[in-house]
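Contents: one structure, followed by commentary.
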Amino acid sequence: MTDNPIVVENLVKYYEGRCVLDGVSFAVPRGCIYGLLGRNGSGKTTMIRILLGLEPPTRGRTVVLGQDSTQLSAKTHGRIGYVAEGHHLIQSYKVRRLIGLCKGLSLQWNDEFFGHLMETFRLPLDRKVKDLSAGMRAQLNLALAMAIDPELLILDDPTLGLDTVARRQFLELAIDVIQRQGRTILFSSHILADVERIADRIGVLVAGKLVVDCTLEELKSRVKKIRVIFPDQAPNDLYITEIVNQQKQGREMVLTVANWNPQKQAILETFRPESCTEIPMTLEDIFIECTRPASAVVPQESEV
Amino acid sequence: MLTLIDREIRDNSLCVALPCLIGIGIIGFAIFVAFYATMGSSEILLASSGILMPVLLVGFCGLGASQMYSDRANRISSLLATQGVTRSRILAARVLVGVGTVLASLVPPAVTILILLWAFLPPLSFYGRMVVEIFTVAILAGVAGYCVGLLVSWTTSKAWLVMGNLLLLSLVTSLVWIKGFGPDVMAILLLFIVAMLWHIWHTFTSASL
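Going down the list, the sequences are from chains E and S. Those letters in the first sequence? Residues 1 to 304, by our numbering. Those letters in the second sequence? Residues 1001 to 1209, by our numbering.
Here it is in structure tokens:
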């Protein structure tokens, strides 16, 4: 058994000449909840589809539960729960039939847990999947993914289209899964509050590149937003490296800096600022700063 | 595997049932001719079966087309491939259902006609061999027609779906029409089937789902 259920090595994917993933490398440790963030079209879904073997990579390698993604065996597939973006279930099937199909194809099926989920979600068994609301489809997809007691759960924007109550139910379920020892979750979302609530490691994809890969706490401690007031006009260049974003207005400068440390603090002090205050940042603030077109890459742990 | 086979049959029930019903029709017609027709019964029987063969061929092609086109259009394999199965197994179940349908539609009529010939006509080995050859070619042509459906219909373009199927199906029919029912046709059809199955397997296992 490998300690990293997901390993991505120098992954490159081109679509019709356009680079969607550009040399992405990361690993998801066992028992970790990895939140994959990125704007629309940043390559999150492509990455997940490559991991599941639904899409071939152009270059690089992805290993899931110890097997190359392009050659996943039925047994390995059976250990992975997947909730697809948009919940592409078979629309013409009735819910009961779809459940029967997934149960028939599964290697293990937790009837008790699935029954509990169906009771919680109150899904109509005799209705066709296409007649379900987006929220109900999401719940059905989630219930089907959870029923196999997955060792690895991959969720591609699972709360998309869910109302607040359903989203809360989903998060509680995710936490329930986390509590089952050894479960690993890769989870992409646009709702940063959800990611902040449950993820313990974060990856941020910007235009196909992984610009952040660290724990949530580390990310918050490494990226600092500082408001600096200078006695005169703010200088054009502070000679500080890894500035993610910089805004200047008269004597005031607002800086977002990756890997803030005493050395960078000392460089800033040489400009003799009148005041220097830290602005608290939420994950959303960090995400917005990191996904700006000209933002610097936040180096990964090994590089720090 | 049984779940996958069951799904293929239920999802394409009409396309599976239709050739089987035509097969039953051939049996019924053969019995009718054997018992009630007085003149040239063997000729009538074989000619009628010959008329139904192209219909069957279109039916088998339709089954392959229905399996692949509905899969592509509804992204069925995209869901199945994330369950505890591999793409090869999904395709194997599909092909088993297709070949099973061809056999279920053609073997019972062949056996029935052989029995009727043996019972009602003079015991000449010529008839038996002829029926066996005709039905062997028919089965191979049926499988080839089915493979054409599979091969061409992995598409989202309806125009290509219709044109491609018609084109390749005409090719198979013309081959049988021109060359007749000999061992050389059997060999060509067999090669054609193997090549198509290889291409289908390669396309299906490497495509984006």
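Where is the CB? At the ideal position from N, CA and C, for every residue including glycine.
Span separating the alpha-carbon of residue i from that of residue j
i: tryptophan 109(E); j: glycine 60(E); result: 34 angstroms
i: proline 299(E); j: serine 133(E); result: For proline 299(E), the pLDDT reaches just 49, beneath the cut-off of 50, and the residue's location in the model is therefore unreliable, although a value from the coordinates is still provided. About 42 angstroms.
i: cysteine 214(E); j: isoleucine 202(E); result: 6 angstroms
i: lysine 264(E); j: proline 158(E); result: 40 angstroms
i: cysteine 19(E); j: serine 1206(S); result: 20 angstroms
i: leucine 51(E); j: valine 204(E); result: 17 angstroms
i: valine 195(E); j: proline 150(E); result: 20 angstroms
i: leucine 1166(S); j: glycine 100(E); result: 36 angstroms
i: valine 1137(S); j: aspartate 1184(S); result: 10 angstroms
i: valine 317(E); j: aspartate 3(E); result: Outside the displayed range of chain E (1 to 304) lies residue 317(E), so it cannot be described from this structure.
i: arginine 251(E); j: isoleucine 267(E); result: 18 angstroms
i: phenylalanine 230(E); j: methionine 281(E); result: 22 angstroms
i: leucine 255(E); j: valine 212(E); result: 18 angstroms
i: arginine 127(E); j: leucine 186(E); result: 30 angstroms
i: proline 235(E); j: proline 29(E); result: 43 angstroms
i: lysine 209(E); j: leucine 21(E); result: 6 angstroms
i: histidine 87(E); j: leucine 1014(S); result: 28 angstroms
i: leucine 171(E); j: valine 1152(S); result: 44 angstroms
i: isoleucine 1093(S); j: isoleucine 1005(S); result: Correcting the residue identity first, residue 1093(S) is alanine in this sequence and not isoleucine. Between alanine 1093(S) and isoleucine 1005(S), the C-alpha separation is close to 5 angstroms.
i: serine 188(E); j: aspartate 131(E); result: 26 angstroms
i: aspartate 232(E); j: glutamate 269(E); result: 14 angstroms
i: arginine 197(E); j: leucine 1150(S); result: 47 angstroms
i: glutamate 289(E); j: alanine 166(E); result: 29 angstroms
i: leucine 140(E); j: threonine 1203(S); result: 31 angstroms
i: alanine 1187(S); j: lysine 1179(S); result: 12 angstroms
i: tyrosine 1069(S); j: leucine 1052(S); result: 25 angstroms
Under the three-state DSSP convention, the category residue i falls into
i: phenylalanine 1192(S); result: helix
i: threonine 1136(S); result: helix
i: asparagine 4(E); result: coil
i: isoleucine 33(E); result: strand
i: glutamine 249(E); result: strand
i: serine 302(E); result: Low local confidence applies: a pLDDT of 43 at serine 302(E) is under 50, so the model's placement there is unreliable, with the coordinate-based value given in what follows. In this structure, serine 302(E) counts as helix in the three-state DSSP scheme.
i: threonine 1101(S); result: helix
i: threonine 62(E); result: strand
i: histidine 1199(S); result: helix
i: valine 1085(S); result: coil
i: tyrosine 14(E); result: strand
i: serine 188(E); result: strand
i: glutamine 1067(S); result: helix
i: threonine 277(E); result: strand
i: isoleucine 1009(S); result: helix
i: phenylalanine 121(E); result: helix
Minimum Cβ-Cβ distance from residue i to chain S less than 8 angstroms
i: leucine 199(E); result: As written in the sequence, residue 199(E) is alanine, which differs from the leucine given in the question. By this cut-off, alanine 199(E) is not an interface position.
i: proline 5(E); result: no
i: glutamine 139(E); result: no
i: glutamate 119(E); result: no
i: serine 92(E); result: yes
i: glycine 250(E); result: no
i: alanine 143(E); result: no
Interface flag, residue i vs chain E, CB-CB below 8 angstroms
i: serine 1206(S); result: yes
i: isoleucine 1076(S); result: yes
i: glutamine 1083(S); result: yes
i: arginine 1094(S); result: no
i: leucine 1063(S); result: no
i: threonine 1203(S); result: no
i: threonine 1003(S); result: yes
i: leucine 1129(S); result: The question names leucine, but residue 1129(S) in the sequence shown is arginine. No, because no Cβ of chain E sits closer than 8 angstroms to the Cβ of arginine 1129(S).
i: arginine 1007(S); result: yes
i: leucine 1014(S); result: no
Same chain only: Cβ atoms within 7 angstroms of residue i, ignoring 5 sequence neighbours per side
i: threonine 1173(S); result: Pro1054 and Leu1057
i: glycine 161(E); result: Ala134, Gly135 and Ala138
i: aspartate 200(E); result: Cys32, Ile33, Thr215 and Leu216
i: valine 1176(S); result: Val1137, Ala1141 and Val1185
i: serine 302(E); result: The predicted position of serine 302(E) is uncertain, since its pLDDT is 43 and thus under 50; no value can be drawn from it.
i: alanine 145(E); result: Gly81, Tyr82, Val83 and Leu153
Cutoff 6 angstroms; reference residue i; Cβ partners in own chain excluding five residues on either side
i: serine 1077(S); result: Asp1071, Ile1090 and Leu1209
i: alanine 1081(S); result: Arg1087 and Leu1209
i: threonine 1112(S); result: Ile1027 and Ala1030
i: valine 223(E); result: Ala258 and Ile286
i: valine 1016(S); result: Ile1009 and Thr1101
i: aspartate 1011(S); result: none
Nonlocal neighbours in the same chain, by C-beta distance under 8 angstroms from residue i, ignoring five residues either side
i: serine 106(E); result: Gly78, Ala147 and Ile148
i: leucine 1190(S); result: Leu1140
beta-carbon residue i near the ligand FMN non-hydrogen atom, thresh 7 angstroms
i: glycine 31(E); result: What this structure holds is no ligand at all, so the ligand FMN is not there to describe.
| task | May I ask you to verify whether the stretch 50–66 of chain E touches the stretch 89–108 of chain E, counting CB pairs closer than 8 angstroms and requiring at least 3? | result | no
| message | Assess contact between the stretch 267–283 of chain E and the stretch 69–86 of chain E, defined as three or more Cβ pairs (one per stretch) separated by less than 8 angstroms. Is contact present? | response | No, they do not touch.
| request: Report yes or no: do three or more beta-carbon pairs, one from the stretch 121–130 of chain E and one from the stretch 2–12 of chain E, lie closer than 8 angstroms? | output: They do not touch, by the three-pair rule.
| Should the stretch 1011–1026 of chain S be called in touch with the stretch 1088–1106 of chain S, which here means at least 3 C-beta pairs below 8 angstroms? | Contact check between the stretch 1011–1026 of chain S and the stretch 1088–1106 of chain S: three or more CB pairs, one atom from each, fall below 8 angstroms, which counts as touching.
| chain B contacts from the stretch 1143–1171 of chain S (Cβ-Cβ distance under 7 angstroms) | Considering every chain present, this structure includes no chain B. Its protein chains are E and S.
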